[in-house]
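> Numbering-wise (full-length UniProt numbering), the sequence shown opens with residue 1 and increments by one.
Ideal placement from N, C-alpha and C gives every residue a C-beta, glycine not left out.
Every value quoted in this text rests on a predicted model; they were computed, and no experiment measured them.
Sending over a structure as structure tokens; questions will come in a sec.
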Amino acid sequence: MPFQCPTSLASSKSDRTPVNTNRMRDISALSQSQRSLPARLMKKAEAPPSINLFQVREKQGKTVVCLDDDDEDADNLREDDNSSSAEEDILFDDMPHQLRNLKERFQGSKISYPSRDDPTSVDVNFEDIDCLDPQEYLSSPIMDFYIRYLQLHYLQQPDSPTFRSRCDFHFFNTYFYSKLTEAVSGKGYDVDDTAFTKFRRWWKGTNIFRKAYILLPIYEEKHWSLIIICIPDRDKETGPIMLHLDSLGFHHSPSIFESIRRFIREEWDHLTLEGAGSDLPWGNLPRRIEEKKITVPQQKNDYDCGLFVLYFIERFIAEAPARLCRKDLQMFGRRWFRPSEASALRTKIRRLLVKEFESSQQVKQDQVHV
Numbered sequence: 001m002p003f004q005c006p007t008s009l010a011s012s013k014s015d016r017t018p019v020n021t022n023r024m025r026d027i028s029a030l031s032q033s034q035r036s037l038p039a040r041l042m043k044k045a046e047a048p049p050s051i052n053l054f055q056v057r058e059k060q061g062k063t064v065v066c067l068d069d070d071d072e073d074a075d076n077l078r079e080d081d082n083s084s085s086a087e088e089d090i091l092f093d094d095m096p097h098q099l100r101n102l103k104e105r106f107q108g109s110k111i112s113y114p115s116r117d118d119p120t121s122v123d124v125n126f127e128d129i130d131c132l133d134p135q136e137y138l139s140s141p142i143m144d145f146y147i148r149y150l151q152l153h154y155l156q157q158p159d160s161p162t163f164r165s166r167c168d169f170h171f172f173n174t175y176f177y178s179k180l181t182e183a184v185s186g187k188g189y190d191v192d193d194t195a196f197t198k199f200r201r202w203w204k205g206t207n208i209f210r211k212a213y214i215l216l217p218i219y220e221e222k223h224w225s226l227i228i229i230c231i232p233d234r235d236k237e238t239g240p241i242m243l244h245l246d247s248l249g250f251h252h253s254p255s256i257f258e259s260i261r262r263f264i265r266e267e268w269d270h271l272t273l274e275g276a277g278s279d280l281p282w283g284n285l286p287r288r289i290e291e292k293k294i295t296v297p298q299q300k301n302d303y304d305c306g307l308f309v310l311y312f313i314e315r316f317i318a319e320a321p322a323r324l325c326r327k328d329l330q331m332f333g334r335r336w337f338r339p340s341e342a343s344a345l346r347t348k349i350r351r352l353l354v355k356e357f358e359s360s361q362q363v364k365q366d367q368v369h370v
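As structure tokens, this is what we get:
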């Protein structure tokens with residue numbers, strides 16, 4: 001089932017049930033040091049006084065605790081937390097008067113980005129923007145909108161400092177991974193399988209092995225993470241490399257890698273059977289497809305996972321080499337960027353969407369007066 005914005009589950013914020021009630025446990029007792037943490041980081045948490053807690057999640061009956069790495073990271077957390085709060089205050093306290101009436105102005109409105117004529121357009125209802133409110137979880141339409149925005153403005157604009165050929169990248173939308181798991185679950189590598197044949201419609205006409213990178217947002221257990229499939233040069237017999245980027249380390253990487261590995265092998269076998277071997281980078285797909293769980297900056301709250309995935313994509317587009325090799329993995333790390341940079345996307349995406357809705361409304365008004 002496609003992920004929906006938490007705000008769509010009830011008519012108002014005051015009467016809806018928070019979606020993260022099963023993510024963090026109730027506080028039974030807090031030490032003085034824990035009470036001093038920002039309230040929004042301590043909604044529902046418990047830990048022994050010896051643990052410097054930023055977050056507790058429940059995962060398949062187990063508790064996942066996100067800790068700081070050292071004192072310097074703890075200082076960065078406090079600074080980043082204050083920065084994020086300040087940005088949210090600016091957005092909602094200093095917002096121009098006309099923006100305060102946006103919900104009334106655009107109620108029931110919908111846009112197709114970048115246009116209805118685009119076969120890969122993304123539909124966004126104005127109500128989806130509620131997911132960009134502070135401490136809310138991003139929905140699929142918002143995620144897909146910004147991914148499409150990055151494709152158009154970072155990969156296809158010659159005047160952009162991050163201009164790259166669109167043919168180097170392939171982006172799957174946020175609904176793809178759930179369909180992938182359905183297509184490859186519980187079956188062997190039978191390229192004639194009807195489910196997989198139907199599933200191939202998602203990338204019809206695209207040879208994914210001719211791409212440098214394939215990016216897949218992952219949504220499971222109310223959390224977002226990112227998979228990047230890297231295809232090395234033809235002259236390198238290393239085979240594909242799968243990278244998993246998770247801002248909480250919450251997703252189970254081995255199971256995700258297994259689904260992606262089956263997908264890669266199914267597609268390779270399908271193309272080989274169709275006689276497309278000359279269009280494949282290697283004579284045979286290496287038996288071992290390399291997989292790497294990448295160390296990345298960690299979110300400092302329970303709700304910014306979608307923003308981090310989007311920022312992973314944005315930074316990767318800007319910095320990735322033409323073809324990734326093992327030595328290039330050093331570009332990642334805990335200090336790849338400041339967590340507040342990812343959190344700040346709430347403001348940016350909201351403004352981009354407001355601009356799109358205003359432009360759409362203006363076009364409709366112009367058409368009426370023609």
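Just to confirm my understanding: we take S360, look at its own chain, exclude 5 residues before and 5 after, and list those with CB closer than 8 Å. What are they?
Looking up residue 360 in the sequence shown gives position 360. Contacts found: S109 and I111.
> May I ask you to report which of helix, strand or coil DSSP gives E341?
Within the sequence shown, residue 341 is the residue found at index 341, counting from 1. Three-state result, E341: helix.
> How would you write the range of the beta strand (DSSP E) that L310 sits in, first residue to last?
Taking the first residue of the sequence shown as 1, we reach residue 310 at position 310. First-last for L310: C305 to E319, but that is the alpha helix (DSSP H), not the beta strand (DSSP E).
> Determine the direct distance from the alpha carbon of E319 to that of D235, and round the result to whole angstroms.
Within the sequence shown, numbered from 1, the residue matching residue 235 stands at position 235. Within the sequence shown, numbered from 1, the residue matching residue 319 stands at position 319. Computed Cα separation, rounded: 23 Å.
> Should the region 298–310 be regarded as contacting the region 193–207, the criterion being three or more beta carbon pairs within less than 8 Å?
no
> Contact between the region 267–274 and the region 172–182: three or more CB pairs below 8 Å?
no
> For a test of the three-state rule: what should DSSP assign to S109, helix, strand or coil?
To locate residue 109, count along the sequence shown from 1; it is residue 109. It is coil, neither helix nor strand.
> Rounded to a whole number of angstroms, what is the C-alpha to C-alpha distance between W224 and R105?
Stepping through the sequence shown from its first residue, residue 224 is reached at position 224. Stepping through the sequence shown from its first residue, residue 105 is reached at position 105. So the alpha carbons of these two residues sit roughly 31 Å apart.
> Measuring CB atoms only, is the region 141–151 touching the region 348–359, in the sense that at least three cross pairs come out at less than 8 Å?
yes
> Determine the direct distance from the alpha carbon of F196 to that of E266, and round the result to whole angstroms.
Mapped onto the sequence shown, residue 266 falls at position 266. Mapped onto the sequence shown, residue 196 falls at position 196. Computed Cα separation, rounded: 8 Å.
> On a Cα-Cα basis, can you pick out the residue from I229, F316, P134 and T174 that is closest to T120?
The residue given as residue 120 occupies position 120 in the sequence shown. Minimum Cα distance to T120 is reached at T174.
> If I measure Cβ to Cβ from Y177 and keep anything under 6 Å in the same chain, skipping five residues before and after, which residues do I get?
Translated into the one-based positions of the sequence shown, residue 177 becomes position 177. Cβ neighbours of Y177 beyond the five flanking positions: L216 and I218.
> Taking all protein chains shown into account, do 16 or more other C-beta atoms lie within 10 angstroms of the C-beta of A47, making it buried, or fewer, making it exposed?
Working through the sequence shown from its first residue, we reach residue 47 at position 47. Note that A47 has pLDDT 32, beneath the 50 cutoff, so the model's placement of it is unreliable and the number below is only indicative. Counting Cβ neighbours within 10 Å, A47 comes out buried, since at least 16 surround it.
> Start and end of the beta strand (DSSP E) containing S121?
Within the sequence shown, numbered from 1, the residue matching residue 121 stands at position 121. Taken as a continuous stretch (DSSP letters only), S121 belongs to no beta strand (DSSP E), as it is neither H nor E.
> Quick check: the Cα distance between P254 and Q362, rounded to an integer number of angstroms?
On the sequence shown, position 254 is the one that residue 254 refers to. On the sequence shown, position 362 is the one that residue 362 refers to. Spanning the two alpha carbons is a distance of roughly 49 Å.
> Look at the Cβ atom of R315, then the Cβ atom of W336, and state whether they are nearer than 9 Å.
Sequence index remark: in the sequence shown, residue 315 carries index 315 (1-based). Sequence index remark: in the sequence shown, residue 336 carries index 336 (1-based). Less than 9 Å divides the Cβ of R315 from the Cβ of W336.
> In whole angstroms, what is the alpha-carbon distance linking G306 and Q330?
Position 306 of the sequence shown, counted from the start, is the residue given in the question as residue 306. Position 330 of the sequence shown, counted from the start, is the residue given in the question as residue 330. Those two C-alpha atoms are separated by around 23 Å.
> Spatial neighbours of K292 within its chain, please: CB distance less than 8 Å, with the 5 preceding and 5 following residues excluded, ordered by chain position.
Taking the sequence shown and counting its residues from 1, the one referred to as residue 292 is at position 292. Setting aside the 5 residues that flank it on each side, K292 is surrounded in the same chain by I241, M242, L243, H244 and L329, each with a C-beta closer than 8 Å to its C-beta; the list follows chain order.
> Using only alpha-carbon positions, find the residue among D118, R116 and I231 that is nearest to residue 397.
The requested residue 397 does not occur in the structure, where the chain is confined to residues 1 to 370.
> In chain order, what residues of the same chain have a beta carbon less than 7 Å from the beta carbon of D71, not counting five sequence neighbours either side?
If you number the sequence shown from 1, residue 71 lands on position 71. The predicted model places D71 with a pLDDT of 41, which falls under 50 and marks its position as unreliable; any figure quoted below should be read in that light. Once the five neighbours on either side are set aside, D71 has no close Cβ partner at all.
> Do you know how far the Cα of H252 is from the Cα of R210?
Counted from its first residue, the sequence shown places residue 210 at position 210. Counted from its first residue, the sequence shown places residue 252 at position 252. Between R210 and H252, the alpha-carbon positions lie close to 28 Å from each other.
> Between the C-alpha atoms of F250 and L102, what's the straight-line distance to the nearest angstrom?
Your numbering for residue 250 matches position 250 in the sequence shown. Your numbering for residue 102 matches position 102 in the sequence shown. Straight-line Cα distance between these residues: approximately 35 Å.
> Considering R254, what are the terminal residues of the beta strand (DSSP E) in which it resides?
On the sequence shown, residue 254 is found 254 positions in, with the first residue counted as 1. The displayed chain sequence assigns Pro, not Arg, to residue 254. No beta strand (DSSP E) holds P254; the alpha helix (DSSP H) holding it covers S253 to L273.
> Provide the residue span of the alpha helix (DSSP H) that contains Y154, from first to last.
Here residue 154 corresponds to residue number 154 of the sequence shown, with the count starting at 1. For Y154, the enclosing alpha helix (DSSP H) covers residues S140 to Y154.
> Going by beta carbon distance, what residues of the same chain come within less than 6 Å of L353, once the five residues before and after it are set aside?
Against the sequence shown, residue 353 aligns to sequence position 353. These residues qualify, in order along the chain: I129.
> Just how far apart, CA to CA, sit I313 and G275?
Your numbering for residue 313 matches position 313 in the sequence shown. Your numbering for residue 275 matches position 275 in the sequence shown. Straight-line Cα distance between these residues: approximately 33 Å.
> Measure the C-alpha to C-alpha separation of R338 and S278 and round it to an integer number of angstroms.
Here the question's residue 338 lines up with position 338 in the sequence shown. Here the question's residue 278 lines up with position 278 in the sequence shown. Near 44 Å, if we compare the C-alpha coordinates of S278 and R338.
> Output the residue ranges of the beta strand (DSSP E) runs that lie fully inside the region 220–244 and measure 3 residues or longer, sorted by chain position.
List check, beta strand (DSSP E) in window: 223–230.
> Enumerate in chain order the residues of its own chain whose CB-to-CB distance from T238 is below 6 Å, with the five nearest sequence positions on each side excluded.
Working through the sequence shown from its first residue, we reach residue 238 at position 238. Around T238: P232.
> Starting from the C-beta of D93, find all residues in its chain whose C-beta is less than 6 Å away, skip the five residues before and the five after it, and write them out in chain order.
The residue given as residue 93 occupies position 93 in the sequence shown. Confidence in D93 is poor, its pLDDT being 47 and thus under 50, which makes the residue's placement too unreliable to answer from.
> With a threshold of 9 Å between beta carbons, is F172 in contact with chain D?
Reference to chain D is not applicable here, since this structure consists of a single protein chain.
> Within a Cβ cutoff of 7 Å, which residues of the same chain sit near G188, ignoring the five residues on either side of it in sequence?
In the sequence shown, the residue the question calls residue 188 occupies position 188. For G188, the predicted structure reports a pLDDT of 48, less than 50, and the residue's modelled location is therefore unreliable. A value from the coordinates is still provided. Correct list: empty, nothing qualifies.
> Quick one, are the C-beta atoms of Y213 and F169 less than 9 Å apart?
In the sequence shown, counting from the first residue as 1, residue 213 sits at position 213. In the sequence shown, counting from the first residue as 1, residue 169 sits at position 169. Contact flag set, yes.
> The alpha helix (DSSP H) that contains residue 421, what's its start and end?
Nothing can be reported for residue 421: it is not among the residues displayed for the chain, which extend from 1 to 370.
> Tell me which residues share the same chain as L152 and place their Cβ nearer than 8 Å to its Cβ, disregarding the 5 neighbours each side in the sequence.
Stepping through the sequence shown from its first residue, residue 152 is reached at position 152. Closer than 8 Å at Cβ, skipping near neighbours: P114.
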